[in-house]
Amino acid sequence: MQELTSDAAIELRGIDKSFGSVQAVRGVSLRIERGSITGIVGENGAGKSTLMSILYGLYRADAGEIRVEGRPVEMTSPRDAIGRGIGMVHQHFMLVDSFTVLENLILGAEGGPLLAGGLAAARAELARLAQDYGLAVDPDARVSDLSVGEQQRVEILKVLFRGARILILDEPSAVLTPQETNRLLQILRVLRDRGVTVVLITHKLREILSVTDRVIVMRRGEVVAERATSKTSAEELAELMVGRKVRFSFDKAPARTGEPRLVARGLSLVDDRLVRVLDDISFEVRAGEIVGIAGVSGNGQSELLQVLAGIRRPTGGALEVCGRKVDAAHPADPAEMRELGVAHVPEDRLRQGLVPAFLASETSILGYQDREPFCHNYLLDGPAVGKYCAELMDRFDVRPRTPGLLSSSFSGGNQQKLILAREMARHPRLLLVGQPTRGVDIGAIEFIRRELIASRDAGCAVLVVSVELEEILSLADRILVMSGGRIVGEVAAADADERTLGLMMTGARAA
Amino acid sequence: MEEVFTLVVATLAATLRVATPLVLCAMGGLFSEKSGIIDVGLEGKMLMAAFFAAATAAVTDSAWMGVGAAIIAAEALALLHGFACITHRGNQVVSGIALNILAMGLTVVLGTAWFARGGQTPPLSAGERLNPIFFPVAGDNVIVYAALLSVPVTWWLIERTRFGLRLRAVGEMPLAVDAAGISVPWLRYRAVLLCGLFAGLAGAYLSIAQNAGFSRDMTAGQGFIALAAIIFGRWRPFPAFGACLAFGLLDAIAIRLQGVKLPGIGEVPVQLIQAMPYLLTLFLLAGFIGRTVAPKAAGVPYEKEH
Ligand SMILES: Nc1ncnc2c1ncn2[C@@H]1O[C@H](COP(=O)(O)OP(=O)(O)OP(=O)(O)O)[C@@H](O)[C@H]1O
Ligand SMILES: [Mg+2]
Numbered sequence: 108m109q110e111l112t113s114d115a116a117i118e119l120r121g122i123d124k125s126f127g128s129v130q131a132v133r134g135v136s137l138r139i140e141r142g143s144i145t146g147i148v149g150e151n152g153a154g155k156s157t158l159m160s161i162l163y164g165l166y167r168a169d170a171g172e173i174r175v176e177g178r179p180v181e182m183t184s185p186r187d188a189i190g191r192g193i194g195m196v197h198q199h200f201m202l203v204d205s206f207t208v209l210e211n212l213i214l215g216a217e218g219g220p221l222l223a224g225g226l227a228a229a230r231a232e233l234a235r236l237a238q239d240y241g242l243a244v245d246p247d248a249r250v251s252d253l254s255v256g257e258q259q260r261v262e263i264l265k266v267l268f269r270g271a272r273i274l275i276l277d278e279p280s281a282v283l284t285p286q287e288t289n290r291l292l293q294i295l296r297v298l299r300d301r302g303v304t305v306v307l308i309t310h311k312l313r314e315i316l317s318v319t320d321r322v323i324v325m326r327r328g329e330v331v332a333e334r335a336t337s338k339t340s341a342e343e344l345a346e347l348m349v350g351r352k353v354r355f356s357f358d359k360a361p362a363r364t365g366e367p368r369l370v371a372r373g374l375s376l377v378d379d380r381l382v383r384v385l386d387d388i389s390f391e392v393r394a395g396e397i398v399g400i401a402g403v404s405g406n407g408q409s410e411l412l413q414v415l416a417g418i419r420r421p422t423g424g425a426l427e428v429c430g431r432k433v434d435a436a437h438p439a440d441p442a443e444m445r446e447l448g449v450a451h452v453p454e455d456r457l458r459q460g461l462v463p464a465f466l467a468s469e470t471s472i473l474g475y476q477d478r479e480p481f482c483h484n485y486l487l488d489g490p491a492v493g494k495y496c497a498e499l500m501d502r503f504d505v506r507p508r509t510p511g512l513l514s515s516s517f518s519g520g521n522q523q524k525l526i527l528a529r530e531m532a533r534h535p536r537l538l539l540v541g542q543p544t545r546g547v548d549i550g551a552i553e554f555i556r557r558e559l560i561a562s563r564d565a566g567c568a569v570l571v572v573s574v575e576l577e578e579i580l581s582l583a584d585r586i587l588v589m590s591g592g593r594i595v596g597e598v599a600a601a602d603a604d605e606r607t608l609g610l611m612m613t614g615a616r617a618a
Numbered sequence: 449m450e451e452v453f454t455l456v457v458a459t460l461a462a463t464l465r466v467a468t469p470l471v472l473c474a475m476g477g478l479f480s481e482k483s484g485i486i487d488v489g490l491e492g493k494m495l496m497a498a499f500f501a502a503a504t505a506a507v508t509d510s511a512w513m514g515v516g517a518a519i520i521a522a523e524a525l526a527l528l529h530g531f532a533c534i535t536h537r538g539n540q541v542v543s544g545i546a547l548n549i550l551a552m553g554l555t556v557v558l559g560t561a562w563f564a565r566g567g568q569t570p571p572l573s574a575g576e577r578l579n580p581i582f583f584p585v586a587g588d589n590v591i592v593y594a595a596l597l598s599v600p601v602t603w604w605l606i607e608r609t610r611f612g613l614r615l616r617a618v619g620e621m622p623l624a625v626d627a628a629g630i631s632v633p634w635l636r637y638r639a640v641l642l643c644g645l646f647a648g649l650a651g652a653y654l655s656i657a658q659n660a661g662f663s664r665d666m667t668a669g670q671g672f673i674a675l676a677a678i679i680f681g682r683w684r685p686f687p688a689f690g691a692c693l694a695f696g697l698l699d700a701i702a703i704r705l706q707g708v709k710l711p712g713i714g715e716v717p718v719q720l721i722q723a724m725p726y727l728l729t730l731f732l733l734a735g736f737i738g739r740t741v742a743p744k745a746a747g748v749p750y751e752k753e754h
């Protein structure tokens, strides 16, 4: 009876969850309407992912009640959630790389002890889903050969294949290109029109405003506001999230450039599979300016950063870094680069930026661990490191402010702030930054961008690689566009807009 | 002409005889490794099984009781490995080596205590052994056929069944298996138990089919050679089977070459011949391993957050 009267797909009442001393979610109650798209926004560490993991049975709530389609349920494992028609697309994909799309699809829903029948049925079902929802993927393609956007589509298909009526997506666009994001949003609209309930966690207010029906704002573990999307604005949401006004644009003084700190001449890189990933790249970055590299991801930007940071050695051409020449015959490893005054914030923070099993305090000195005051006579000075980390956390607003916590226990945005803090705090002469605000909340984005500009004004040479055009436009003084491993154009930031840059990125690709 | 023919057939039969325990161990190891549990304890399982097979057969006068005891002994070690690595997320290599040492010591201690023959079991009569079925000279006992059959069965289980799909998935990405609502530990336990079953048969073969009794360290590294065969076969049943046959052939040739004077070289030293399979293993392991073919999660304990 209750089911008939209730329109709520999901109802949460008084959900609490703590990890040790950190209370991640406190007293959350909310309702999600059936057949709607609900956005959840909030700062890094607000508890969004934790809340959704509770709903999906990955974590158990300490207290509170979950109702799905009117009925109270006990979520002890994802199996319970799947049984109730809940599916989740995780921030990190849960796909078996070496499997085909079809095999991934049926894993856990094979429909019998032998595969043949299940595979055939799945193939038919996949064709139907592809048609109904416009989600086309090659069923026999290996997942490792798919682009990130396609992999995500496989995740969504997996959820639909299990008959889910409720779809949770945790920062689905963090890894997508703008084009892929637009397609995703389109898919979500179709899903809603077919009666699927969608919950979307994202830091990008543009996405919230363009697809959701309602928005829930979380802060420090609590739901602080709920709005109908049509009755709110980016400014209001930002303010609700952060608790203060957020400025979306800032005034930068014109750059006062000094001597060149980084000069690349005909740089090229041929990888293990003999693919030329960097091709004849020449540019320079001077003290006191921010150079932005724009491009669709996968066009050589990541490799360029790695070469500049000393992680990979170029196969051709030469670099001059703060006066030192680097080429294939005279490579410099990352430690030498660091000695020269180069700091690097890698694109992939989990794999290259920190060691998940290290404490935050250890992460905060990674790469500088052999310097004073952290190390005397080959011994680490724990208290000094802890104190230094606490200072960094204060300055960069890393939450929670606990140097003794494992790096992996921080939310993604806070990990990013910690890494940025580590690299920027040493006043580098050349700062290389990959995707500075990937997965970071808007309050922190504002902060990080301001810090980058402050570094520039202090005379640092800054190179920013980002797939977010808006980010490049708001930060850079000069913009280089990369495509197919080459630099296909250069524009002064004052003359650039998203449309012309977008055309350069894709136009050159077609050529 | 006829002589050459007999020689070839005899060598092939010898190859199969020598390869049988390798094939069984390799198939068992495949299940374990595919599920993400590295098993360097194949050697120990096989040794323990060989001992209990011979001891039980000697005491009960029944070869089949021996086979049963072998399987139970190997499964006990397999469960121990599972308990250490799956339930307690211990280091899989350390656990495997510990089991090998345990088996090496225990078989000798128990053997000496029970039979007082310096670690050996009493010689088995024909009635207490598994005997050839069709061709007495070839030594084609039931376990040889089981080994031949185990290859397509393993392939079929891994490639064509739900269990196999989940097994492959759990060795590559346990998180995905967990998120799909499937129990990671239960899957891995089943894989480890299958491995025990095969290793048990291999052990029984050594002591009550190929030989007439147990002697200390009679496995002589064959468990490790089987591991090498898995790697050389890139974790696929048929290529691994091929690798086992190659090792077997090498062994069979080595036995033939003993004491033979080769033209131009003279007599080949016995030690060199006996070292051949191990040298080949070393070469293969050093040079031929593809980087990306091992199950990705092999050796990594799965920690579920809570
Ligand atoms: N496994 C864990 N152990 C300890 N603390 C945790 C764990 N997971 C999350 N936390 C903490 O719980 C809080 C909420 O984290 P959560 O990941 O839910 O944030 P979020 O809103 O998803 O942030 P982001 O936008 O950065 O992804 C954070 O303070 C985080 O440090
Ligand atoms: Mg999150």
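Protein chains in written order, with this note's numbering: chain S, 108 to 618; chain Y, 449 to 754. Note that CB positions come from ideal geometry on N, CA and C, so glycine has one too. Quick caveat, the model's predicted, so the values are computed rather than measured.
Contact of S:Val203 with chain Y is assigned, a C-beta pair being separated by under 7 angstroms.
Across the stretch 183-215 of chain S, CB contacts with chain Y closer than 9 angstroms involve Ser184, Pro185, Arg186, Asp187, Ala188, Ile189, Gly190, Met195, His197, His199, Phe200, Met201, Leu202, Val203, Asp204, Ser205, Phe206, Glu210, Asn211, Ile213, Leu214, Gly215, in sequence order along the chain.
Contact between the stretch 698-715 of chain Y and the stretch 460-474 of chain Y is present, with at least three C-beta pairs closer than 8 angstroms. The criterion of a C-beta distance shorter than 7 angstroms is not satisfied by Y:Ala639 and Y:Ala474. Look at Y:Gln568 here: in three-state DSSP terms it is coil, with no helix or strand label.
DSSP places Y:Phe563 in the uninterrupted alpha helix (DSSP H) bounded by 540-563.
Within a 10 Å sphere around the beta-carbon of S:Val574 sit 16 or more other beta-carbons, which makes this residue buried. In the DSSP annotation of this structure, the continuous segment of the beta strand (DSSP E) that includes S:Val433 starts and ends at 431-434. Taking the C-beta atoms as reference points, S:Met348 is found no nearer than 7 angstroms to S:Gly142.
The beta carbon of S:Ser409 sits no closer than 6 angstroms to any heavy atom of ligand 2.
In the DSSP secondary-structure assignment, Y:Gln719 is not bridged to any residue. For S:Val452, the closest of S:Val547, S:Gln523, S:Glu118, S:Phe481 by C-alpha to C-alpha distance is S:Gln523. Note on geometry: alpha-carbon atoms of Y:Asn548 and Y:Arg577 lie some 26 angstroms from one another.
Excluding the 5 residues flanking it on each side, S:Val370 has same chain C-beta neighbours closer than 6 angstroms at Glu391, Glu427, in chain order. Secondary structure of S:Lys155 (DSSP, three-state): helix.
DSSP lists S:Arg138, S:Arg174 as the beta-bridge partner residues of S:Glu118. Annotation for S:Gly402: Gln408, Val588, Met589, Ser590, Met612 place their beta carbon closer than 7 angstroms to its own, counting only its chain and skipping 5 residues before and after. Proximity of the beta carbon of S:Lys524 to ligand 1 is not indicated: no heavy atom of the ligand is located closer than 6 angstroms. Close to ligand 2, as judged by a C-beta nearer than 7 angstroms to any of its heavy atoms, are the residues S:Lys155, S:Ser156, S:Gln198, S:Asp277, S:Glu278, S:Ile308, S:Ser518, S:Gly519, in chain order. If only uninterrupted beta strand (DSSP E) runs of at least 3 residues are considered, those enclosed by the stretch 301-344 of chain S are 304-308, 321-326, 329-335. Contact between the stretch 151-168 of chain S and the stretch 590-604 of chain Y is absent: fewer than three C-beta pairs spanning the two stretches fall below 8 angstroms. For a cut-off of 8 angstroms, the C-beta gap from Y:Gly612 to Y:Ala502 is around 34 angstroms, too long to register as a contact. Looking at the DSSP output, S:Thr288 shares a beta bridge with no other residue. The alpha-carbon of S:Ala568 is positioned some 12 angstroms away from that of S:Arg585. Per DSSP, the beta bridge partners of S:Leu426 are S:Ala371, S:Val433. Taking a beta-carbon distance threshold of 7 angstroms, Y:Arg610 counts as an interface residue toward chain S.
Unbroken alpha helix (DSSP H) runs of no fewer than 4 residues, entirely contained in the stretch 492-540 of chain S, are found at 519-531, following chain order.
Relative to ligand 1, S:Val129 has its C-beta within less than 6 angstroms of a heavy atom. With a cut-off of 8 angstroms on Cβ pairs, the stretch 305-312 of chain S is not in contact with the stretch 224-237 of chain S, counting fewer than three such pairs. Under the DSSP assignment, S:His451 falls outside any alpha helix (DSSP H), being part of the beta strand (DSSP E) whose first and last residues are 449-452. Non-local beta-carbon contacts of Y:Ala657 in its own chain, meaning distances under 7 angstroms to residues more than five positions away in sequence, involve Arg577, Leu578, Asn589, Ile591 in chain order. Contact between the stretch 517-531 of chain Y and the stretch 634-653 of chain Y is established, with three or more Cβ pairs separated by less than 8 angstroms. The beta carbon of S:Leu276 sits no closer than 7 angstroms to any beta carbon of chain Y. Within the stretch 610-631 of chain Y, the residues whose Cβ lies closer than 8 angstroms to any Cβ of chain S are, in chain order, Arg610, Phe611, Gly612, Leu613, Arg614, Arg616, Ala617, Glu620, Met621, Leu623, Ala624, Val625, Asp626, Ala627, Ala628, Gly629, Ile630. Look at Y:Thr609 here: in three-state DSSP terms it is strand. Against chain Y, a Cβ distance below 8 angstroms from S:Glu469 picks out nothing, because the smallest value is about 20 angstroms.
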